[in-house]
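Since the structure comes first, as structure tokens, the remarks are kept for the end.
Numbering (our numbering), first residue to last: 450 to 698.
Below is the structure:
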């Protein structure tokens, strides 16, 4: 069997496990590793977006009882518009500027996740209206879409700020990324960036990993999910800054 396909499968399992545990799309783990094994950046973005709906479906089924359908609908509306716009703008914005925007949005969403502890009065005044959720999802997906992502790494902390508990935030994020990634992949498919065999191998691995990760997440204590999610989002944002200042499209 082609070593490249084996590597893609292993990458899929690792990223899928992260997706299932934390409700993220997994692209912040998957994309740099795909590039590392020799997949061209734009094709790595495309493969990542193909994988996300499948791994997210597996995760969302496991978390189905915790999905907030109403909030998820608003996230899907804003997120789909943002991810498609971001995919169209890939390569048009300076990598340094985009990296700074992504880092800033990551820090803001992490802060927001703990706002109920840091500034409880401010947190109580937040009114998670449909307009606010749609706008927030659009902005997060626009930024992550320009780096080949689906917004999944930022959705759980954003939804936590929108007053969902951590389990509902993870479940709703998995539900939402099914649709936001699907809309973005249409742009990459139209441009001919998809390499199908590595995409299939990565998808199979990611679905397996997502199933494993979801089982872990459902058994974990909410406190540890919040702490680990914070560390993960911060680490991935720093990796994104490094990656986007080092790689050229």
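Even glycine gets a Cβ: it sits at the ideal position worked out from N, Cα and C.
With respect to residue 615, residue 675 sits close: the two C-beta atoms are nearer than 8 Å. When the Cα atoms are used, residue 659 and residue 665 turn out to be separated by approximately 10 Å. Nearest neighbour of residue 507 by Cα position, chosen from 679, 472, 452, 560, turns out to be 472. Short of 6 Å from the beta carbon of residue 555, and not among the five residues preceding or following it, lie these beta carbons of its own chain, in chain order: 682, 686. If the five residues before and after residue 654 are omitted, its C-beta is found closer than 6 Å to the C-beta atoms of 458, 461, 462, all from its own chain and listed in chain order. Here residue 570 is exposed. Its C-beta has fewer than 16 other C-beta atoms within 10 Å. A residue is called buried once 16 or more other Cβ atoms fall within 10 Å of its Cβ, and residue 489, having fewer, is exposed. Secondary structure note for residue 571: its alpha helix (DSSP H) is the uninterrupted segment 569 to 574.
Using a 10 angstroms sphere on the CB of residue 543, the tally of other CB atoms stays under 16, which defines it as exposed. Taking 4 residues as the minimum length, the alpha helix (DSSP H) runs contained wholly in the stretch 618 to 681 are 645 to 668, in order along the chain.
Relative to the Cα of residue 641, the nearest Cα in the group 526, 491, 465 belongs to 491. Apart from the 5 residues on each side of it in sequence, residue 661 sits with its Cβ closer than 6 Å to the Cβ of 466 in its chain, given in chain order. Proximity of the stretch 524 to 539 to the stretch 584 to 595 meets the contact definition, three or more beta-carbon pairs being nearer than 8 Å. Taking every protein chain shown into account, the CB of residue 578 has fewer than 16 other CB atoms within 10 angstroms, so this residue is exposed.
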